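Undergrad: Numbering (mature numbering (1 follows the signal peptide of the UniProt record, and there is no 0)), first residue to last: -22 to -1, 1 to 262. Here a beta-carbon is modelled for each residue, glycine too, at the ideal position from N, C-alpha and C. What you are looking at is a predicted structure, and each value in this text was computed from that prediction instead of being measured.
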């Protein structure tokens, strides 16, 4: 059998259909957003070593759309993440969720989180940031995106990446990070974490966290808040000092994930309202 090269794999990889195997069974509370009035479906994003799949949703008519990059959980760009892009599109956005783990493997086909974690652990931050850059470029060149109205949001793994990307790309206007890890060990693949870049954000970020998140201690949330506060004591308004963190005291991790038992309707709806106001406030 001919060995498939890395470039051939990411060029031939396809987007997940349905929900990831590891998140079965699916909750009856799952929100489904239809594609009426939208252009929605799989696309391919050119990157430096081939192409990666992504899910794109946008209004069927119009152009110069404000653009939102939607960054996946560790379960990949499965149906929940695709639905989130359609929610944005129904509000008039061009929303794109690139499959950022594709070089390392197809996590949607794995049946347990213990199988998924080693795959995700191999994803270099530099690779993910470069793929998000490529997606933002594609939005402008190929999907009628407005280059001056770029926002980003992400969940869990994607929440951490939202903070990092806000410090990476000066074109980002605003970000909303949902329960993304804030501190961690510096490694060759993950050299910096949100707390390390908190003072150098290019865009204000709204962080949405659960007070009963067993994986993200409140002490690390307070540590992040402390760094953000320090940037506002110098008498100069910065994107870091404009950033905020909201903690929902009784919410667990993944409280926005309506397809999982962790979903908390009131906190999820409040967070979504805050997200919309945040993007509007900062011009996305």
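Just to confirm the assignment, what range does the alpha helix (DSSP H) spanning residue 222 have?
TA: Counting along the chain, residue 222 falls outside any alpha helix (DSSP H), though it belongs to the beta strand (DSSP E) covering 222 to 226.
Undergrad: Helix, strand or coil: which one does DSSP assign to residue 277?
TA: Limits of the chain in this structure are -22 at one end and 262 at the other, which puts residue 277 out of reach.
Undergrad: Taking C-beta to C-beta, are residue 129 and residue 46 nearer than 7 Å?
TA: yes
Undergrad: Alpha carbon to alpha carbon, how far is residue -9 from residue 160? Give it in angstroms, no decimals.
TA: Pairing residue 160 with residue -9, the inter-Cα distance amounts to about 31 Å.
Undergrad: Please go through the same chain and pick out, in chain order, the residues whose beta-carbon is closer than 7 Å to the beta-carbon of residue -21, but skip the five residues on each side of it.
TA: The predicted position of residue -21 is uncertain, since its pLDDT is 46 and thus under 50; a value taken from the coordinates is nonetheless stated next. Around residue -21: no qualifying Cβ.
Undergrad: Give me whichever residues DSSP pairs with residue 74 in a beta bridge.
TA: 34, 47
Undergrad: Using the three-state DSSP reduction, which class does residue 60 fall into: helix, strand or coil?
TA: helix
Undergrad: Do you know offhand how far residue 222's Cα is from residue 17's?
TA: 33 Å
Undergrad: My assumption, with CB atoms under 8 Å, is that residue 122 sits in contact with residue 41. Please give the rounded CB distance.
TA: 4 Å
Undergrad: Can the beta-carbon of residue 144 be found closer than 7 Å to that of residue 199?
TA: no
Undergrad: So, for residue 137: in the same chain, excluding its five sequence neighbours on each side, which residues have a beta-carbon less than 6 Å away from its beta-carbon?
TA: Counting only Cβ-Cβ distances below 6 Å, and skipping sequence neighbours, we find 155, 156, 157, 158.
Undergrad: If I follow the unbroken alpha helix (DSSP H) through residue 254, where does it start and stop?
TA: 243 to 259
Undergrad: Restricting to runs no shorter than 4 residues, where is the alpha helix (DSSP H) found entirely within the stretch 91 to 153?
TA: You should have 91 to 98, 103 to 120, 135 to 146.
Undergrad: Does residue 26 pass the burial test, meaning 16 or more other C-beta atoms within 10 Å, or should it be called exposed?
TA: exposed
Undergrad: For the candidate residues 76, 232, 220, 244, whose alpha-carbon lies nearest to that of residue 56?
TA: 76
Undergrad: To the nearest whole angstrom, what separates the beta carbons of residue 236 and residue 9, a pair I think is in contact under 8 Å?
TA: 5 Å
Undergrad: Compute the beta-carbon to beta-carbon distance between residue 85 and residue 52, rounded to the nearest angstrom, for a pair I have assumed lies under 8 Å.
TA: Contact flag correct, Cβ pair sits at about 7 Å.
Undergrad: DSSP state of residue 169, grouped into three classes?
TA: coil
Undergrad: Of the choices 142, 242, 216, 220, whose alpha-carbon is the least far from that of residue 227?
TA: 242
Undergrad: For residue 29, write down the residues that DSSP places opposite it in a beta bridge.
TA: 24
Undergrad: By DSSP, does residue 183 sit in helix, in strand, or in coil?
TA: strand
Undergrad: For the candidate residues 38, 89, 80, whose alpha-carbon lies nearest to that of residue 99?
TA: Among 38, 89, 80, the Cα nearest to that of residue 99 is on 80.
Undergrad: I'd like to check one pair, residue -3 with residue 54: are the Cβ atoms closer than 7 Å?
TA: With contacts defined by Cβ atoms closer than 7 Å, residue 54 and residue -3 form a contacting pair.
Undergrad: Look up residue 189 in the DSSP assignment and give the residues it is bridged to.
TA: The bridge partners DSSP lists for residue 189 come to none.
Undergrad: Where does residue 44 land, buried or exposed, given buried means 16+ other C-beta within 10 angstroms?
TA: Buried: at least 16 other Cβ atoms inside 10 Å.
Undergrad: Taking the alpha-carbon of residue 38 as reference, which of 19, 24, 87, 23 has the nearest alpha-carbon?
TA: Comparing Cα-Cα distances from residue 38 to each of 19, 24, 87, 23, the minimum goes to 19.
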